[in-house]
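*Asks:*
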Amino acid sequence: MKFTYINYGEDIVENLQERMDTIYVFSDYGLKNTYKKSLKKNIFKGVPTILTFDEFKEKVFKTDKIILREAKRFISFFNGVKKELYELLAMESYYDVIDFADSFFRYYKELNEAMIEDIKNPQPWQEKYINNFKYLKKKYDVYLERKNYILMDWIYKKENIDLDFIKPYKKIIFIDIMDFTPLEKEVIRRIQGNLEIEFLLQISREDYSEENLTIDSVTLPEKKNYIEVYEVSEDIEELLTLETLREKSGGGEVYTPDISRNRYHKILPKIYLESTSAVLNDTVLYKFLKTQYDLIASLESRLNYKLPLLELKIALDNLEFREVYSINNEDLKELYNLLDEDYTYLNENGSEKFQYIYGELLKINEFTKVDDFVRYFKEDLNLEKFYEKEYENLFEKFYEAVTLAKTSEYMLGEEEFKKCFSKGSDIYKLILQYMNNIEINRVKATYEEGEKKVIVRDMEGAKNRIGRNTYFVDISSKTLPGNLGKRSLFSENQRKENNLSTKDKNRELAKHKFFQGVFNSKNTYIIYRKNEGKGEDISPFLTEIMETYNIKVNKKIIKEEAILKNLQNIYMGIPVKLDYTDDTLPKTNGDFPNEQCRIGAYDYDTLENCEYRFYLNKISEIEPLVKEWNKNISMKFLGIYVHSVLEKVIDNTWKNIVFENNFYVDEEWIEKLLLDYFFYNRDKIPVHLDNYFKEILIPRFRDNILKLFKELERTYSDKKIRRFESEKVNWDNREPFVDDEIKFYITGRVDFILESLGENLILDFKTGKKQDKQLDFYSILLYGDENKATKGIYNVFNGELEYSEKVELTRESLKESIINFLKKDTYSLSEKKSSCMYCEYMNICRRDF
0 MKFTYINYGE
10 DIVENLQERM
20 DTIYVFSDYG
30 LKNTYKKSLK
40 KNIFKGVPTI
50 LTFDEFKEKV
60 FKTDKIILRE
70 AKRFISFFNG
80 VKKELYELLA
90 MESYYDVIDF
100 ADSFFRYYKE
110 LNEAMIEDIK
120 NPQPWQEKYI
130 NNFKYLKKKY
140 DVYLERKNYI
150 LMDWIYKKEN
160 IDLDFIKPYK
170 KIIFIDIMDF
180 TPLEKEVIRR
190 IQGNLEIEFL
200 LQISREDYSE
210 ENLTIDSVTL
220 PEKKNYIEVY
230 EVSEDIEELL
240 TLETLREKSG
250 GGEVYTPDIS
260 RNRYHKILPK
270 IYLESTSAVL
280 NDTVLYKFLK
290 TQYDLIASLE
300 SRLNYKLPLL
310 ELKIALDNLE
320 FREVYSINNE
330 DLKELYNLLD
340 EDYTYLNENG
350 SEKFQYIYGE
360 LLKINEFTKV
370 DDFVRYFKED
380 LNLEKFYEKE
390 YENLFEKFYE
400 AVTLAKTSEY
410 MLGEEEFKKC
420 FSKGSDIYKL
430 ILQYMNNIEI
440 NRVKATYEEG
450 EKKVIVRDME
460 GAKNRIGRNT
470 YFVDISSKTL
480 PGNLGKRSLF
490 SENQRKENNL
500 STKDKNRELA
510 KHKFFQGVFN
520 SKNTYIIYRK
530 NEGKGEDISP
540 FLTEIMETYN
550 IKVNKKIIKE
560 EAILKNLQNI
570 YMGIPVKLDY
580 TDDTLPKTNG
590 DFPNEQCRIG
600 AYDYDTLENC
610 EYRFYLNKIS
620 EIEPLVKEWN
630 KNISMKFLGI
640 YVHSVLEKVI
650 DNTWKNIVFE
660 NNFYVDEEWI
670 EKLLLDYFFY
680 NRDKIPVHLD
690 NYFKEILIPR
700 FRDNILKLFK
710 ELERTYSDKK
720 IRRFESEKVN
730 WDNREPFVDD
740 EIKFYITGRV
750 DFILESLGEN
760 LILDFKTGKK
770 QDKQLDFYSI
780 LLYGDENKAT
790 KGIYNVFNGE
800 LEYSEKVELT
810 RESLKESIIN
820 FLKKDTYSLS
830 EKKSSCMYCE
840 YMNICRRDF
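What follows is the structure, given as structure tokens:
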């Protein structure tokens with residue numbers, strides 16, 4: 000075997016002789032095509048045999064069995080060992096099995112590649128998994144043999160090596176392939192007796208093990224090319240830095256280690272084109288179908304397939320989904336209102352559009368075979384609306400995926416298919432599995448002569464741009480080295496001991512690929528990301544280069560405040576002048592309709608803390624730009640729930656207490672009342688919290704309501720009670736609290752009032768934290784003075800009654816605050832910036848931190 004080493008910066012294919020008796024095997028398509036383009040065209044001579052390494056392996060590993068790919072592998076596994084999976088692992092459905100099956104397939108693929116039967120020295124806890132694998136493999140092999148199937152994952156094994164393909168040739172050259180598995184080494188060993196073998200490698204001789212055919216280390220060259228490094232934190236800043244560098248340096252190719260995350264073509268479509276490669280996942284059709292499937296999968300079977308509103312909201316965040324169902328801003332506002340009212344599930348009061356969507360989801364979930372979906376796609380969905388002119392064969396590839404799902408149906412038979420895929424959502428997921436990452440052709444972009452278009456390409460191709468300007472973007476600790484392998488059952492030491500691939504080896508290979516791209520260029524410009532909020536920092540590979548050659552990070556080209564201006568310059572060629580300097584909000588009498596304003600305790604708290612927020616929330620009634628809802632019970636709902644129950648209890652007991660001093664409340668009646676309100680609010684309570692609500696919250700609330708009445712009985716049983724009620728204050732019958740150019744009224748709803756001879760009691764019922772000054776506000780509202788009532792907080796969660804020990808708000812200070820506010824000409828921001836961090840209006844006021 001011959002080894003030839005090429006320095007960084009040299010063309011690895013430049014000196015390859017064109018011979019018809021030689022097989023040329025390249026590490027990847029990019030390098031293969033680079034060599035192919037360099038060949039002189041000669042119709043009489045023909046073209047030598049040029050392959051990627053994957054193509055080469057397809058030719059030397061042969062089988063006459065039916066090859067199962069993609070989802071068919073999982074279907075065959077589930078169908079072949081269904082009984083054993085249930086008995087061994089309690090797995091009942093096809094989708095329960097997928098993750099386990101993936102690990103199972105990968106385990107035996109790795110054993111085949113390592114040419115071993117078993118893992119040496121497993122830990123006791125690992126033996127359980129391995130024994131399960133062995134038991135299932137034995138059963139599964141019987142099924143595969145009976146059906147004459149073989150998995151695509153398992154073709155590459157020693158028994159399937161077939162060298163008939165190489166017989167007409169005299170030589171084989173492996174170009175830029177840095178590492179071989181034990182099985183691949185076995186192929187090379189068998190070839191060695193038949194062909195001359197050469198390895199052409201771009202690496203230092205000291206860094207490569209010729210004996211083991213693998214990379215040992217990656218060292219940097221003594222001399223470097225021209226390298227500049229820049230730091231950015233966001234996409235826009237990165238793009239503008241790149242554009243400035245390209246303009247200054249005369250263009251060049253742009254590369255990224257993570258092509259899927261790059262969005263330059265969406266930000267600057269006049270300059271950047273999408274990658275020429277595309278998959279069905281990129282299309283509007285796929286995004287709609289995936290969103291629709293997610294909604295169907297979210298239907299709550301325990302509540303007769305109710306639709307969770309939060310899942311609907313997530314679906315409607317998808318522009319494609321909104322457009323298909325003609326959802327407008329008014330529809331979204333209705334949905335947001337339902338969520339604000341703490342509804343968890345769509346009820347019968349939802350709009351016609353939402354009910355129509357819900358009806359379609361229920362209909363699809365009843366589908367029992369792939370043909371049901373075919374009819375739906377053709378007749379109901381109208382696929383033409385998903386046409387995108389940038390793709391050549393979108394619908395052809397879509398129906399190819401549907402056909403593959405149909406072949407799975409044939410493979411299993413009708414009855415077995417129904418057992419595997421019992422609901423429409425199961426079949427839908429299968430179709431999406433077959434659609435996943437299917438390649439489609441993008442229409443070749445056309446643009447006028449002289450236009451310069453840029454495509455951001457995968458970093459693997461950077462090594463082929465010898466002696467040119469090269470730009471690297473999206474470089475960070477998250478992308479380089481990036482994900483070095485799937486989660487493994489075995490430790491790194493175990494993998495090394497058993498000749499399996501290791502993260503350390505994959506890291507060295509990733510570093511070598513990056514170094515090739517950097518040092519094969521004439522001038523290299525690297526833009527790395529540092530953003531603590533996103534967990535991004537400088538790549539360790541870049542750090543090694545910078546420390547070795549003492550390269551410093553260049554000063555930022557783009558200042559944050561100039562981003563908008565520079566983006567406009569690039570996109571439109573028109574500079575933007577930013578004259579906005581005054582961030583104050585003027586206050587006028589016209590802000591107050593009819594020169595009046597009515598505020599409650601919470602409004603006053605907002606006014607006192609941030610006048611700007613008071614204006615946005617109370618006066619302008621602006622809905623927050625970003626709202627946060629979650630899948631649990633909100634504290635607001637719990638507060639309303641408890642208040643409603645307590646109001647009912649008080650309304651049913653006040654006569655007995657006022658006229659008879661009888662504080663007795665029936666425990667069973669309270670529990671029934673709590674349950675009645677639970678079912679009344681059924682659409683507001685997530686079903687996964689039913690047991691928690693019924694078994695924990697309701698008994699707790701019951702006991703604490705009884706505890707409250709016993710406490711009141713202990714304190715007031717010997718006193719004459721004149722008033723015992725929940726109070727509803729009507730501010731229309733009250734005089735203005737501040738009578739100025741703008742009349743200010745105070746209003747509010749007090750949870751509980753007890754009045755006896757010579758004493759008043761105000762209670763506020765809480766399920767969360769208390770608010771300072773609220774009870775004083777209510778005392779001023781009801782009695783005109785902060786000292787004319789005993790005030791307390793009853794926490795219904797923990798059953799604690801806490802009386803206010805000091806006055807937080809006086810009548811005079813309340814009036815003074817309102818008068819001072821009225822005298823101002825502007826709405827001021829909060830004095831405490833810390834409170835702004837979680838304000839729902841932060842994106843409107845844009846306060847500088």
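Numbers 0 to 848, taken from numbering that gives the first Met the number 0, label the letters of the sequence shown in order. Backbone N, C-alpha and C fix where the C-beta goes; we use that ideal spot for every residue, glycine too. Just so we're clear, the structure is a prediction, and the values are computed from it rather than from any experiment.
In this structure, does DSSP put Pro592 in helix, strand or coil?
*Replies:* Numbered from 1 along the sequence shown, position 593 holds the residue referred to as residue 592. Looking at Pro592 - three-state DSSP - the assignment turns out to be helix.
*Asks:* Compute the Euclidean distance between the alpha carbons of Thr825 and Glu610, then round it to the nearest angstrom.
*Replies:* Taking the first residue of the sequence shown as 1, we reach residue 825 at position 826. Taking the first residue of the sequence shown as 1, we reach residue 610 at position 611. Their backbone Cα atoms lie some 9 Å apart in a straight line.
*Asks:* Check the DSSP bridge columns for Arg871 and list the partner residues they point to.
*Replies:* Residue 871 falls outside the range modelled here, since the chain spans only 0 to 848, and no answer is possible.
*Asks:* Please report the residue range of the beta strand (DSSP E) in which Phe736 lies.
*Replies:* By one-based count along the sequence shown, residue 736 stands at place 737. Run containing Phe736: none; DSSP gives neither H nor E here.
*Asks:* Closest to Pro268 by C-alpha separation, out of Lys709, Asn211, Lys452, would be which residue?
*Replies:* As a first step, residue 268 must be located in the sequence shown, where it is residue number 269. Measuring from the Cα of Pro268, the nearest candidate turns out to be Lys452.
*Asks:* Contact defined as beta carbons within less than 8 Å: I believe Thr343 pairs with Leu380. What is the distance between those atoms, to the nearest angstrom?
*Replies:* Against the sequence shown, residue 343 aligns to sequence position 344. Against the sequence shown, residue 380 aligns to sequence position 381. Not confirmed; about 28 Å, so no contact.
*Asks:* Excluding the 5 residues flanking Lys742 on each side, which residues of the same chain have their C-beta closer than 8 Å to its C-beta?
*Replies:* In the sequence shown, counting from the first residue as 1, residue 742 sits at position 743. Once the five neighbours on either side are set aside, the close Cβ partners of Lys742 are Glu594, Gln595, Cys596, Pro735.
*Asks:* Buried or exposed: where does Leu707 fall if 16 or more other Cβ atoms within 10 Å of its Cβ makes it buried?
*Replies:* Here the question's residue 707 lines up with position 708 in the sequence shown. Per the 10 Å Cβ criterion, buried.
*Asks:* For the alpha helix (DSSP H) containing Asn468, name the first residue and the last one.
*Replies:* On the sequence shown, position 469 is the one that residue 468 refers to. Unbroken run through Asn468 is the beta strand (DSSP E), 468-474; no alpha helix (DSSP H).
*Asks:* Quick one: Cα of Gly572 to Cα of Thr33, how far?
*Replies:* The residue given as residue 572 occupies position 573 in the sequence shown. The residue given as residue 33 occupies position 34 in the sequence shown. Caution applies to Gly572, whose pLDDT of 48 falls short of 50 and renders its modelled position unreliable; the value that the coordinates give is listed next. Each residue's Cα considered, the two are about 37 Å apart.
*Asks:* Alpha carbon to alpha carbon, what distance is there between Arg467 and Asn6?
*Replies:* Your numbering for residue 6 matches position 7 in the sequence shown. Your numbering for residue 467 matches position 468 in the sequence shown. Cα to Cα, Asn6 sits roughly 16 Å from Arg467.
*Asks:* For Lys169, which three-state DSSP category applies?
*Replies:* Residue mapping note: residue 169 aligns to position 170 of the sequence shown, counting from 1. Correct three-state label for Lys169: coil.
*Asks:* Give the straight-line distance between the Cα atoms of Ile214 and Met177, rounded to the nearest whole angstrom.
*Replies:* Stepping through the sequence shown from its first residue, residue 214 is reached at position 215. Stepping through the sequence shown from its first residue, residue 177 is reached at position 178. Straight-line Cα distance between these residues: approximately 6 Å.
*Asks:* Is the region 455-464 touching the region 508-526 in the sense that three or more CB pairs, one from each, lie closer than 8 Å?
*Replies:* The region 508-526 is in contact with the region 455-464.
*Asks:* What's the C-alpha gap between Ile656 and Ile720?
*Replies:* Counting from one through the sequence shown, the residue named residue 656 turns up at place 657. Counting from one through the sequence shown, the residue named residue 720 turns up at place 721. Ile656 and Ile720: Cα-Cα distance of roughly 7 Å.
*Asks:* On a Cα-Cα basis, can you pick out the residue from Tyr168, Leu584, Gln201 that is closest to Tyr23?
*Replies:* Translated into positions along the sequence shown, residue 23 becomes position 24. Closest by alpha carbon: Tyr168.
*Asks:* Where do the N-terminal and C-terminal ends of the alpha helix (DSSP H) with Asn440 fall, by residue?
*Replies:* Within the sequence shown, residue 440 is the residue found at index 441, counting from 1. Note, Asn440: premise wrong, no alpha helix (DSSP H); beta strand (DSSP E) at 438-440.
*Asks:* Would you kindly work out how many angstroms separate the C-alpha atoms of Glu535 and Ile474, rounded to a whole number?
*Replies:* Position 536 of the sequence shown, counted from the first residue, corresponds to residue 535. Position 475 of the sequence shown, counted from the first residue, corresponds to residue 474. Taking the straight line from one Cα to the other gives about 9 Å.
*Asks:* Ser755 bridges to which residues according to DSSP?
*Replies:* Numbered from its first residue, the sequence shown carries residue 755 at position 756. In the DSSP output, where bridge partners are listed per residue, Ser755 has Ile720, Glu758.
*Asks:* In the DSSP assignment, find the unbroken alpha helix (DSSP H) run with Glu811 in it and report its ends.
*Replies:* Residue 811 sits at position 812 when you count from the first residue of the sequence shown. From DSSP, the alpha helix (DSSP H) with Glu811 extends over 810-822.
*Asks:* Within 10 Å of its beta-carbon, does Asp578 have 16 or more other beta-carbons around it, so buried, or fewer, so exposed?
*Replies:* Position 579 of the sequence shown, counted from the start, is the residue given in the question as residue 578. Summary for Asp578: the model assigns pLDDT 42, below 50, so the residue's position carries little reliability, and this model does not support an answer.
*Asks:* I believe Ile171 touches Ile196 by the beta-carbon criterion, under 8 Å. Please report the beta-carbon distance rounded to the nearest angstrom.
*Replies:* Along the sequence shown, read from residue 1 onward, the residue named residue 171 stands at position 172. Along the sequence shown, read from residue 1 onward, the residue named residue 196 stands at position 197. At roughly 6 Å, the Cβ-Cβ gap stays under 8 Å, so Ile171 and Ile196 are in contact.
*Asks:* At the level of alpha carbons, what is the spacing between Glu801 and Asp702?
*Replies:* Position 802 of the sequence shown, counting from 1, holds the residue named residue 801. Position 703 of the sequence shown, counting from 1, holds the residue named residue 702. C-alpha separation (whole angstroms): 17 Å.
*Asks:* With a cut-off of 8 Å on the beta carbons, I'd call Ile632 and Pro685 a contact; round off their distance for me.
*Replies:* On the sequence shown, position 633 is the one that residue 632 refers to. On the sequence shown, position 686 is the one that residue 685 refers to. That belief holds up - the Cβ atoms of Ile632 and Pro685 are roughly 7 Å apart, short of 8 Å.
*Asks:* Please list the terminal residues of the continuous alpha helix (DSSP H) segment that includes Gly29.
*Replies:* Within the sequence shown, residue 29 is the residue found at index 30, counting from 1. Counting along the chain, the alpha helix (DSSP H) containing Gly29 begins and ends at 28-37.
*Asks:* Jot down the residue ranges of each uninterrupted beta strand (DSSP E) in the region 43-88, minimum 3 residues, whole runs only, in chain order.
*Replies:* Runs found: 48-51, 65-67.
*Asks:* According to DSSP, what are the bridge partners of Tyr802?
*Replies:* The residue labelled residue 802 in the question sits at position 803 within the sequence shown. Its beta-bridge partners are Gly791.
*Asks:* Using CA coordinates, which residue listed in Val552, Glu546, Gln125, Thr587 is at the minimum distance from Tyr527?
*Replies:* As a working mapping, residue 527 is identified with position 528 in the sequence shown. For Tyr527, the nearest C-alpha among the options comes from Val552.
*Asks:* From the DSSP output, read off the bridge partner residues of Ser208.
*Replies:* As a working note, residue 208 is residue 209 in the sequence shown. Note: Ser208 sits in a beta bridge opposite Thr213.
*Asks:* What do you reckon, is the C-beta of Ser26 under 8 Å from a heavy atom of the ligand PLP?
*Replies:* The ligand PLP is not among the ligands present in this structure, which contains no ligands whatsoever.
*Asks:* Name the DSSP bridge partner or partners of Asn660?
*Replies:* Position 661 of the sequence shown holds residue 660. According to DSSP, Asn660 bridges with nothing at all.
*Asks:* Leaving out five residues on either side along the sequence, give the residues of the same chain with a beta carbon under 8 Å from the beta carbon of Leu87.
*Replies:* The sequence position of residue 87 within the sequence shown is 88, counting from 1. Cβ within range, chain order: Asn131, Tyr134, Leu135.
*Asks:* DSSP on Asp163, reduced to helix/strand/coil?
*Replies:* Taking the sequence shown and counting its residues from 1, the one referred to as residue 163 is at position 164. Reduced to three states, the DSSP call for Asp163 is helix.
*Asks:* Out of Glu830, Asp775, Lys787, Ser816, which one is the CA nearest neighbour of Glu807?
*Replies:* Position 808 of the sequence shown, counting from 1, holds the residue named residue 807. Among Glu830, Asp775, Lys787, Ser816, the Cα nearest to that of Glu807 belongs to Asp775.
*Asks:* Classify Ser382 as buried or exposed, calling it buried when 16 or more other Cβ atoms lie within 10 Å of its own Cβ.
*Replies:* Residue 382 sits at position 383 when you count from the first residue of the sequence shown. Sequence check: residue 382 is Leu here, not Ser. Label assigned to Leu382: exposed.
*Asks:* If you drop the 5 nearest sequence neighbours on each side, which residues of the same chain put their C-beta closer than 6 Å to that of Met19?
*Replies:* As a position in the sequence shown, residue 19 is number 20, starting the count at 1. Excluding residues within five positions, the ones whose Cβ falls inside 6 Å are Pro47.
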